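Scroll down for the structure; my scribbles are underneath it.
Residue numbers (the UniProt record's numbering): 1 to 335.
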């Protein structure tokens, strides 16, 4: 309770007793400070007093410390959440870039193999990209991005870096359809690289394989033999890999052997192909020889004018014998 204006504190009273008490208290304080400074007598008292008072300080600061801890916890949680989100986005972006780089590296490797094949064999080819696939049970075909405007024609062979892919069967202005070697309607003349056996490899409806149905029983054909194009038929050039024999077993009729082969080309993962412009030389019957008579210098002069019509007439169009009346009217001597 505040003191009235007319009242005064007994410690600072204006009397002599109050002044003496003040001087006494000041003197004791100075003596204690000097003794504590020089001898350290009061440190135990201060230490015990601090032990007693410290819980009071902690209890008094507990609300402030709790509020600060909660604010820091919420701030750290928000910061960690944002940082985690950024790290997740960076990780997804890095994985996308890594996958893209892996795909580009694989594509570059395939293109390098295709170019190496072109340069090593010195072929006249066009590089095409696969833009569509039709791998059903009865159709094994792909679509490429080259067409009639690029000089593509039906019947051209298509290869990749590993072997024969198929041939062009349908041409549009800006695209073309390729029938794969595994198509049930496809056939390619092949030769066994080890023995030179010539046969025909047909497409199959089972597991994208090639079938060799009419192999003689005495043929030397084993698992692992390589099949190459034989060049017959005038479609596929000679020497391109076609497949590898996987199994050989007797046919159902018991008169032939039936072999199955895996295609050499990567038909499941093909992305770029080469369209060949160098077709095989067509094999067929020899051309007819034109009939030739004796040289003009050795023929008799009088008979040259009369024999000229007979020499100019084809042998196949003139009868073998002529009537005597006709020969007498033409003046041609009989033999």
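Even glycine gets a Cβ: it sits at the ideal position worked out from N, Cα and C. This structure is a prediction, so every number in the text was calculated from the model and none was measured.
> Between residue 131 and residue 145, what straight-line distance do the alpha-carbon atoms span, to the nearest angstrom?
Replying inline: It is roughly 6 Å from the alpha-carbon of residue 131 to the alpha-carbon of residue 145.
> What did DSSP end up calling residue 104 once you bin it into helix, strand or coil?
Replying inline: helix
>> For residue 210 and residue 182, which I take to be in contact (beta-carbon distance under 8 Å), what is that distance rounded to the nearest angstrom?
In response: 7 Å
> Taking the alpha helix (DSSP H) that residue 152 falls in, what are its first and last residues?
Replying inline: Careful: residue 152 lies outside any alpha helix (DSSP H) and carries neither H nor E.
>> One question on the structure: do residue 180 and residue 142 come within less than 8 Å of each other, judged by their Cβ atoms?
In response: yes
> Short check: CB of residue 264 to CB of residue 162, under 8 Å?
Replying inline: yes
> If you run the structure through DSSP and keep just helix, strand and coil, what is residue 230?
Replying inline: coil
>> Here's the rule: buried if 16 or more other CB atoms are within 10 angstroms of the residue's CB, otherwise exposed. What is residue 243?
In response: Around the C-beta of residue 243, 16 or more other C-beta atoms lie within 10 Å, and the residue is accordingly described as buried.
> Taking contact to mean at least 3 C-beta pairs separated by less than 8 Å, is the region 200-209 in contact with the region 250-267?
Replying inline: yes
> DSSP three-state call for residue 263: helix, strand or coil?
Replying inline: Reduced to three states, the DSSP call for residue 263 is strand.
> residue 356 lies in the alpha helix (DSSP H); which residues open and close that run?
Replying inline: Because the chain in this structure spans residues 1 to 335, residue 356 falls outside the shown range and cannot be described.
> What do you get for residue 156, buried or exposed, if any count of 16 or more other CB atoms within 10 angstroms of its CB means buried?
Replying inline: buried
> Is it right to say residue 359 is buried, meaning 16 or more other beta carbons lie within 10 angstroms of its own, or is it exposed?
Replying inline: The structure shown does not extend to residue 359, since the chain spans only 1 to 335, so no value can be given for it.
> Are the Cβ atoms of residue 126 and residue 275 separated by less than 8 Å?
Replying inline: yes
> When you compare each of 217, 233, 169, 168 to residue 200 by their alpha carbons, which one comes out closest?
Replying inline: 233
> Can you give the beta carbon distance from residue 227 to residue 190, rounded, assuming they're within the 8 Å contact cut?
Replying inline: 4 Å
>> With H, G and I counted as helix, E and B as strand and the rest as coil, what does DSSP make of residue 360?
In response: Outside the displayed range of the chain (1 to 335) lies residue 360, so it cannot be described from this structure.
>> So, with DSSP's three-state summary, where would you put residue 276?
In response: strand
>> What does DSSP give as the partner residue(s) for residue 199 in the beta ladder?
In response: Bridge pairing for residue 199: 190 [DSSP].
>> Between residue 241 and residue 164, how many whole angstroms is the CB-CB distance? I'm expecting something under 8 Å.
In response: 7 Å
>> According to DSSP, simplified to helix, strand and coil, what is residue 72?
In response: helix
> How many angstroms separate the CA atom of residue 124 from the CA atom of residue 159?
Replying inline: 12 Å
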